[in-house]
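Undergrad: Just so you know, we're using our numbering here: the sequence shown kicks off at 262 and counts up by one. All C-beta atoms, glycine included, are put in the ideal place defined by N, C-alpha and C. As the structure is a computational prediction, the values presented were derived from the model and not from experiment.
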Amino acid sequence: MKKIEAIIRKSKYSAVKEALHAVGVNFFSYWDVTGLGNEKTGHVYRGVSYSTSDIQRRYLSIVVNDDFEEVTIKAILDSAATGEVGDGKIFVSDVSEVYRIRTGEKGGDTLK
262 MKKIEAIIRK SKYSAVKEAL HAVGVNFFSY WDVTGLGNEK TGHVYRGVSY STSDIQRRYL
322 SIVVNDDFEE VTIKAILDSA ATGEVGDGKI FVSDVSEVYR IRTGEKGGDT LK
């Protein structure tokens, strides 16, 4: 099993959610987060300059069976990309075990 963590633009969340549902990933957790990025210039909106040193993003945490890893990553990459600096990052790590609290069962079937 794999844990896929993605930091994406808030404006792309709906598109990413729809793309994940389309490939069969129906459960994940998300948080609104603030981070620091590589973008060094500020933005000007209606004549007022705003700092971009603190960047508002959405953090997704998804655990999938190994056979869903590539389709999940592709869904995020295709739906979250704008081609601009600040599109985000994806991190993948191994998950050794999963338990369903309600029944006590364990293993990859608990993700279905």
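Using a 10 Å radius around the Cβ and a threshold of 16 neighbouring Cβ atoms, would you call residue 363 buried or exposed?
TA: Exposed.
Undergrad: Looking only at its chain, what residues have a beta carbon closer than 8 Å to the beta carbon of residue 334, apart from the 5 residues adjacent to it on each side?
TA: Hits under 8 Å: 265, 351 and 353.
Undergrad: Helix, strand or coil: how does DSSP classify residue 366 here?
TA: Coil, per DSSP.
Undergrad: Report the rounded CA-to-CA distance for residue 355 versus residue 340, giving the unit in angstroms.
TA: Looking at the two C-alpha atoms, the distance is approximately 24 Å.
Undergrad: How would you label residue 365, buried or exposed, when you count the other beta carbons within 10 angstroms and need 16 or more for buried?
TA: By the neighbour-count rule (16 or more Cβ atoms within 10 Å), residue 365 is not buried but exposed.
Undergrad: Smallest Cα separation from residue 293: which of 281, 280 and 315?
TA: Residue 315 is the option with its Cα nearest to residue 293.
Undergrad: For residue 332, which residues of its own chain have a beta-carbon under 7 Å away from its beta-carbon, when the five flanking residues on both sides are left out?
TA: Counting only Cβ-Cβ distances below 7 Å, and skipping sequence neighbours, we find 284.
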